[in-house]
Structure formats: structure tokens, C-alpha cells
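Since the structure comes first, as C-alpha cells, the remarks are kept for the end.
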Amino acid sequence: MKLSPEEFKQAVFDLTRLIPSGRVSTYGAIAHCIGASGASRRVGWALNQCFGEIPPVPAHRVVNRLGLLTGAVHFPDDAPMARQLREEGIQVADNQVVGFDEVFWDPWEAGNG
DNA sequence: CATCTGACCTAGT
DNA sequence: AACTAGGCCAGAT
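Per the working numbering, the very first residue in the first sequence carries number -16; after that it's consecutive.
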């Protein structure tokens, strides 16, 4: 299953929007869920375009494999990544999610659970 | 046009 | 378990 750039971006957005509050997901999980395992980089690239999208995409709920807020540097000053996470109850320390394994949410639960 | 980099992960040894 | 190599597409130089 191969997705077009538009479908890929949409898939990433839709899947990211499915991430429940107080939870976080990873690029690989999303990429793997949409059938783009290995293309994790594109997930970040797509999420980079999430700003200004309607409905808004909680890209702040997406972190890397280690729970590091690697994308925080690309977030707007009005909506810092770590801050939005804290707004949902997720604790962050040094650009790293606290209890990552506990707040980790697998996109697979989006349509299976 | 060619080369390197980037919100990263998976596979092989 | 630790290390090395490959993938994936687009943007920037």
C-alpha cells in the first residue's frame, strides 16, 4: 500500500488527531500504522505542515522513539510543545516526556482497541 | 544538476 | 546488547 503525498499527509494528520489527550505517540508508530514504516522522517515533514490546518493537529502529542520533544524547536512561541503537553497533564523534563511508556499511545488502537 | 540535511525508524551483523 | 548501514521524500545550498 503506497500513499500519495496528499494521502500521506492526510493520514498523518488524521491519525495524529486521533491521539487522545494525556497521551503521546511516535513517528514510527504513525508511519507504520499508515503503511509507511521506515518513512518516519516524512511524518515529521508532514506534521511540519500541520500548523494552520483545520481542524488543528495536536502535533505536540507526537514525540520521537525516546519520548524526546525533538520537534519542540519548530513549534510556535505561542504554543510550545512541552507547554501544550503539560496543559494535558503530561509532564516534561528537558524536552523529554516523563513516563513516556505510560503515556505512550499506539495508533493501532485508533481503529481496533 | 549534485550534494547534504532533516520533527526518525528498521534491519543486519 | 552495541554498532553499522539503509531507507524514505522534500527542502535548502
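From the three backbone atoms N, C-alpha and C, an ideal C-beta is built for every residue, glycine too. From a predicted model like this one, the values you see are computed outputs, not experimental measurements.
In its own chain, which residues sit with a C-beta less than 8 Å from the C-beta of residue i, not counting the 5 before and 5 after it?
i   : result
A29 : F(-9), K(-8), V(-5) and F(-4)
At which residues does the alpha helix (DSSP H) containing residue i begin and terminate?
i     : result
K(-8) : P(-12) to R0
W28   : S23 to N31
E70   : M64 to E70
Can residue i and residue j be called in contact, C-beta distance under 7 Å?
i   : j   : result
R0  : V40 : yes
R44 : I2  : yes
A55 : A65 : yes
V26 : A14 : yes
If you compare alpha carbons, which of the options is closest to residue i?
i      : options                       : result
K(-15) : S23, F87 and A19              : A19
R69    : P(-12), S4, E(-11) and S(-13) : S4
Q79    : V46, C33 and S8               : V46
C33    : A14, G21 and F58              : F58
F83    : P(-12), I37 and Q74           : Q74
E85    : A76, Q67, P38 and S8          : S8
P90    : P38, L(-2), P(-12) and S(-13) : L(-2)
A76    : S(-13), G94, A93 and T53      : T53
So, at 6 Å on beta carbons, what are the nonlocal neighbours of residue i in its own chain, with the 5 sequence-adjacent residues on each side left out?
i   : result
G72 : G5
What residues in its chain sit with their C-beta under 7 Å from that of residue i, if we drop five residues either side in the sequence?
i   : result
G11 : S23 and R48
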